[in-house]
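Enquirer: From first to last, the protein sequence lines are chains A and B.
According to this note's numbering, the residues represented by the first sequence are 1 to 427, in order.
According to this note's numbering, the residues represented by the second sequence are 1001 to 1427, in order.
Beta carbons are placed, not taken as given, at the ideal position from N, Cα and C, and that holds for glycine.
Since the structure is predicted, the reported quantities are computational estimates derived from the model, not experimental observations.
Quick one: structure below, then a few questions.
There are 2 protein chains.
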Amino acid sequence: MLAAYDLLLSEGYLLARPGAGTYVADTLPASRRGRATKASTARRDPRLVPLTLPGADLAPTLQPLPARDDFRVGLPDVSAFPFDIWRRLSDRTLRRVARQTADYADPQGQGALREAIAKHVSFTRAVGCTAGDIVVTAGAQQAFGLLARILVVPGRTVVAVEQLFYPSLREAMLAAGAKVVTVPTDDEGMCVDRIPTEARVVCVTPSHQFPTGVAMSPPRRAALLAFARARNAVVIEDDYDGEFRFAGRPLDALQTLDRAESVFYIGTFSKSLFPALRLGFVVAPPWARAALVRARELADWHGPVLGQEALAAFIAEGHLARHIRKMRKLYGARRTALLEALARHGAGRLEVIRSDAGLHLSARLHGGTRADAVVERAAAAGITLPPLSRFALDPHAPGVANGLAFGYGLIAEQQIDGAIRRLVALL
Amino acid sequence: MLAAYDLLLSEGYLLARPGAGTYVADTLPASRRGRATKASTARRDPRLVPLTLPGADLAPTLQPLPARDDFRVGLPDVSAFPFDIWRRLSDRTLRRVARQTADYADPQGQGALREAIAKHVSFTRAVGCTAGDIVVTAGAQQAFGLLARILVVPGRTVVAVEQLFYPSLREAMLAAGAKVVTVPTDDEGMCVDRIPTEARVVCVTPSHQFPTGVAMSPPRRAALLAFARARNAVVIEDDYDGEFRFAGRPLDALQTLDRAESVFYIGTFSKSLFPALRLGFVVAPPWARAALVRARELADWHGPVLGQEALAAFIAEGHLARHIRKMRKLYGARRTALLEALARHGAGRLEVIRSDAGLHLSARLHGGTRADAVVERAAAAGITLPPLSRFALDPHAPGVANGLAFGYGLIAEQQIDGAIRRLVALL
């Protein structure tokens, strides 16, 4: 059974999963794998084509069970979301749409939403853009897929990602036929001098590296833009949770610094609002915009109109800015509690990786302890957190095997100290 | 300027458009074309890859201006949609979601919606399926794209479409690298004996051929399934508006007749409800389901949850069935008015193509009148309708050049007679 499973993986055939969430750990018990393997019986039907080129590996994914202490990364707290305001805006949108003649809509996204996003990112992130530069997407995942579609020549284009990366980004690139290479990252972010010269697309998370949390330093930012300019490469800047900044002054986005129209800036409302919304966007350079819009049109024509219009009103009326301010305070308190608990209980056992923003932070264990073993023990004790190895190709690499990530989007502030105390006791 | 335009077309580079709708006619005035060509200045940036393989042509698209008498095809009347019920169900959904922990959702679609769709199509179309067979998509367009993704080997797979076809279907196949061939259709639907033996995917609209409106005859249906079985090919059955049937008894869906798991059945709520919703689905055979779900996950992870849950409740509580009954009556009256007007004013000038279902019907002009010239004159007189040539590769082919389609989704019953009278006067 495991041989068949490996075969499927190596061939790039992929497994459905009923839930969604983070990536299957090597340490998942065999019983949880069972469900995935069952689906394989008819998988080799000759009528199906693989979803990637031969040899590209795409991991099957299963959702971990919810835990008592939930440190999963990339998920926001929706309990403080103003659903009453959202409902009012949705109702108003619906009343307006009800008076209009049915039609298909703009693949680039509703004008009002692009207007609102442009103002928002211009103001909060100094990303210079107008509504015309914005392409609305179904979350960051569709942005990855559409950019891969217009930038990757299957089997030829080299795409560089960080050594530790968001798996769905890499998979979108593989699915488009890219040759994906990883580039070492250190405490200044991606080591730009290690990017292969043949890379034509470079994917980075400069505000808050996923998953380590480090910010890309200003010299590295300049170097990356110089690389792109010199090599006629493009940069995909994924700013997935940079709205939440707790210390230091924000560094300029790559998009802001860019003078060569090299940068695609991706934003999402999955972290600042909620993932069920499925709305994100790309700020695209002028030369690529038409192709990007056309790729979206070919993919699914356009996004649902009601959600886009409700979000447009939500932003325009200041609710997004207000919500981010409120959540920054709430997440900030959790982050402080987490840092204090890690210092209190973990001193000498683990070291926090410096991070000033986002919904999670990471730490490395001392003394050769393997993080994935800790994660397994923690799961049995009702604590869910991912090992950094889940976000790397080589789980044994230095700085990977001993890493843990702590999301604070879901866990209550008062739970944090106890959970960390119990976790450290498991080391 | 026109040379540049042709070059872009021939290279498969594609043009953004601010609105959406039907395909640009050869007869569009140059001033309307201007906007599209302007976007081309930076199109040849070497960083962009073409969206199709070399030589594949994708038409740029522009939206016609709304007309006084609007016979556009493929658009439903939303003025009778029970938006108050929808609002109530959306509110309820939102209240429930507000109590849940944030998470990403099932790429296959919300369970409740798949349940509801399975019951609905089992009952209304005798399409035998359960919730597990359904994959929810962002409208039929995403269904086309995802099926192309899992069935087409770029540069190799031959996909057969009807001689007259829905352009977005063909484009999704081209964008996946398919070799698309057209197969003659007559008054029994696709001429199955003319399908090239090397075709591995055959796309048909058997309930209501798009755009001619004919139903595929039972012998042709049997022959097509036999072809698929014999050649290990698959059939994509697009049942875009088959819920609206006005005469005769419904023919079995290909999916219902299929005994070899050859058929993918696509349904959409863009016609029965409204296109802004962006919800459709595929009933997929078991061997392809996991790959299809994984392709959706790679494309955009999953659809927006609120709209899916609201639709699930809308169907489960019987509102969809009620709405379809109501609209069938309303569209039926318009169809009768249209048939009467065409008989009254057009006798001897044009001939209606027999059609028992859907939101539009088609007719052919007698005496060598070119339909596109008529369409241009009609537009100047405030009447919008598409020539059949807009849905064909060869606009001069017999049965194409003299064809017109009449959508009755948007036009009021009492407008129809006058509009047809004025139209015939232009012949």
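Assign E1317/B to buried or exposed, taking buried as 16 or more other Cβ atoms, counted over all protein chains shown, within 10 Å of its Cβ.
Expert: E1317/B is exposed by the Cβ-count criterion.
Enquirer: Note down the Cα distance separating K1179/B from A1148/B, rounded to an integer number of angstroms.
Expert: 11 angstroms
Enquirer: What are the residues that DSSP puts in a beta bridge with L997/B?
Expert: This structure does not reach residue 997/B, given that chain B is present from 1001 up to 1427, and the question cannot be answered.
Enquirer: For I195/A, which three-state DSSP category applies?
Expert: coil
Enquirer: Considering only residues of the same chain and omitting the five flanking positions on each side of D238/A, which have a CB-CB separation below 6 angstroms?
Expert: T205 and I266
Enquirer: Pull up the DSSP beta-bridge partners for A1160/B, would you.
Expert: Beta-bridge pairing links A1160/B to V1181/B and V1202/B.
Enquirer: Under 8 angstroms, Cβ to Cβ, is there at least one residue of chain B near T436/A?
Expert: This structure does not reach residue 436/A, given that chain A is present from 1 up to 427, and the question cannot be answered.
Enquirer: When you compare the CB of A316/A with every CB in chain B, is at least one pair closer than 8 angstroms?
Expert: no
Enquirer: According to the neighbour-count rule (16 or more other Cβ atoms, all chains shown, within 10 Å of its Cβ), is H1208/B buried or exposed?
Expert: buried
Enquirer: Quick one: using the 10 Å Cβ neighbour count with 16 as the cut-off for buried, is D193/A buried or exposed?
Expert: exposed
Enquirer: Please list, in chain order, all residues of the same chain as F1081/B whose beta carbon is under 8 angstroms from its beta carbon, the five residues on each side excluded.
Expert: L1273, F1274 and H1323
Enquirer: Suppose contacts are defined by Cβ-Cβ distances below 8 angstroms. Is M1190/B in contact with V1183/B by that definition?
Expert: Between M1190/B and V1183/B, the C-beta gap is smaller than 8 angstroms, which places the two residues in contact.
Enquirer: To the nearest angstrom, how far is it from the Cα of A1419/B to the Cα of P1395/B?
Expert: Cα-Cα distance, rounded: 25 angstroms.
Enquirer: Verify the CB distance criterion: does E1180/B have a CB-CB separation below 8 angstroms to chain A?
Expert: It is worth fixing the name first, because residue 1180/B is Val in this sequence and not Glu. So no, V1180/B is outside the interface.
Enquirer: Since A299/A and L146/A should fall inside the 8 angstroms C-beta cutoff, what is the C-beta to C-beta distance between them, to a whole number of angstroms?
Expert: 7 angstroms
Enquirer: Assuming D1133/B and A1284/B make a contact with CB atoms under 8 angstroms, what is their CB distance in whole Å?
Expert: Yes, they are in contact, since the Cβ atoms of D1133/B and A1284/B sit about 6 angstroms apart, within 8 angstroms.
Enquirer: Classify K329/A as buried or exposed, calling it buried when 16 or more other Cβ atoms lie within 10 Å of its own Cβ.
Expert: exposed
Enquirer: Residues in the region 1099-1122 of chain B with C-beta within 9 angstroms of chain A's C-beta atoms, listed in sequence order?
Expert: R1099, Q1100, T1101, A1102, D1103, Y1104, A1105, D1106, P1107, Q1108 and G1111
Enquirer: Please list, in chain order, the residues of the region 292-318 of chain A that have any C-beta partner in chain B closer than 7 angstroms.
Expert: V293, R294, A295, L298, A299, D300, W301, H302, G303, P304, V305, L306 and G307
Enquirer: Let me confirm a value: R245/A is counted as buried when at least 16 other C-beta atoms fall within 10 Å, else exposed. Which label applies?
Expert: buried
Enquirer: Three or more C-beta pairs closer than 8 angstroms, one from the region 300-314 of chain A and one from the region 1155-1167 of chain B: is that the case here?
Expert: no
Enquirer: Using a cut-off of 9 angstroms between C-beta atoms, extract the partners of D238/A located in chain B.
Expert: None at all; the shortest Cβ gap to chain B is about 15 angstroms.
Enquirer: Is it buried or exposed for F123/A, if we count other Cβ within 10 angstroms and need 16 for buried?
Expert: exposed
Enquirer: 8 angstroms is my cut-off, CB to CB: does D241/A come that close to chain B?
Expert: no
Enquirer: Does A1025/B have its Cβ less than 8 angstroms from a Cβ in chain A?
Expert: Unreliable placement is indicated for A1025/B, whose pLDDT of 30 sits below 50; no coordinate value is reported for it.
Enquirer: Taking its Cβ as the centre, do 16 or more other Cβ atoms sit within 10 Å of A247/A, making it buried, or is it exposed?
Expert: With fewer than 16 other Cβ atoms within 10 Å, it is exposed.
Enquirer: Along chain B, which residues have their Cβ under 7 angstroms away from the Cβ of Q142/A?
Expert: A1299 and D1300
Enquirer: According to DSSP, G403/A sits in a beta bridge with which residue or residues?
Expert: For G403/A, which the question treats as bridged, DSSP gives the partners R364/A.
Enquirer: Looking at S1355/B: is its Cβ nearer than 8 angstroms to the Cβ of G1213/B?
Expert: yes
Enquirer: What are the residues of the region 1141-1173 of chain B that lie near chain A, defined by any Cβ-Cβ distance shorter than 8 angstroms?
Expert: Q1141, Q1142, G1145, R1149, I1150, L1151, V1152, V1153, P1154, T1157, S1168, E1171 and A1172
Enquirer: Using only the alpha-carbon positions, how far apart do A1233/B and R125/A sit?
Expert: 51 angstroms
Enquirer: Between which residues of its own chain and R1170/B is the CB-CB distance below 7 angstroms, once the five residues before and five after are set aside?
Expert: V1161 and V1180
Enquirer: Would you call T1197/B buried or exposed, if buried means 16 or more other Cβ atoms sit within 10 Å of its Cβ?
Expert: By the 10 Å Cβ count, T1197/B comes out exposed.
Enquirer: Give me the Cα-Cα distance between D1026/B and L1393/B, rounded to the nearest whole angstrom.
Expert: With a pLDDT of only 30 at D1026/B, under the threshold of 50, the placement of this residue in the model should not be trusted; the figure read from the coordinates follows. Spanning the two alpha carbons is a distance of roughly 12 angstroms.
Enquirer: First and last residue of the alpha helix (DSSP H) that includes L434/A?
Expert: The shown model of chain A, from 1 to 427, leaves out residue 434/A, and the question about it has no answer.
Enquirer: Taking the alpha-carbon of W1301/B as reference, which of F1227/B, Y1331/B, P1107/B and G1055/B has the nearest alpha-carbon?
Expert: P1107/B
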